[in-house]
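In the working numbering, the protein residues as written are 17 to 156. Yeah, the Cβ is synthetic: ideal placement off N, Cα and C, and Gly gets one too. Contents: one structure, followed by commentary.
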């Protein structure tokens with residue numbers, strides 16, 4: 017899911033004579049959610065290891081997109097909308113009665129809520145730099 021793809025899809029929609037015939041970025045994200053989170057459509061979901069890993073990766077990816085400061089892209093807003101929808105689905109299905117699934121859903125819920133919390137600042141390590149302070153003549 018790349019920003020450039022979402023931009024191209026949005027441009028295609030803008031240029032289309034019949035917007036109803038265009039596969040939109042919202043539809044793309046909905047299809048991804050329906051596929052990746054399909055176990056949550058069951059009344060009592062039980063998510064296997066591979067499903068949990070895929071869902072965790074998807075939520076982490078959307079959370080990163082939400083934090084983007086891009087002003088020329090719809091992706092941060094679309095990612096936020098997907099996370100809101102997913103959070104509502106998780107709240108509706110929790111608890112499931114399956115311990116690994118419940119722990120997983122609690123983790124996803126916390127990850128989504130953290131993504132929305134503006135007080136949480138994600139930092140990355142700054143690259144190592146060498147000192148460029150001027151030296152005195154005698155301090156070589």
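Asked	Found
6 Å Cβ shell around residue 121 - same chain, five flanking residues per side excluded	106 and 110
Three or more C-beta pairs below 8 Å linking the segment 124-132 and the segment 75-87	yes
Segment contact, 8 Å Cβ cut-off, at least three pairs: the segment 79-90 with the segment 57-70	no
Residue 56, enclosing alpha helix (DSSP H) - first and last residue	Taken as a continuous stretch (DSSP letters only), residue 56 belongs to no alpha helix (DSSP H), as it is neither H nor E.
Residue 26 versus 94, 57 and 104, residue with shortest Cα-Cα distance	94
Whether residue 22 touches residue 88 by CB criterion (8 Å)	no
Residue 44 versus 19, 134, 33 and 123, residue with shortest Cα-Cα distance	19
Element boundaries [alpha helix (DSSP H), containing residue 74]	65-82
Residue span of the alpha helix (DSSP H) that contains residue 30, given as start and end	19-31
CB contact flag (residue 117, residue 61, <8 Å)	yes
Residue 114 in three-state terms, based on DSSP	coil
Contact under 8 Å by Cβ, residue 53 with residue 102	yes
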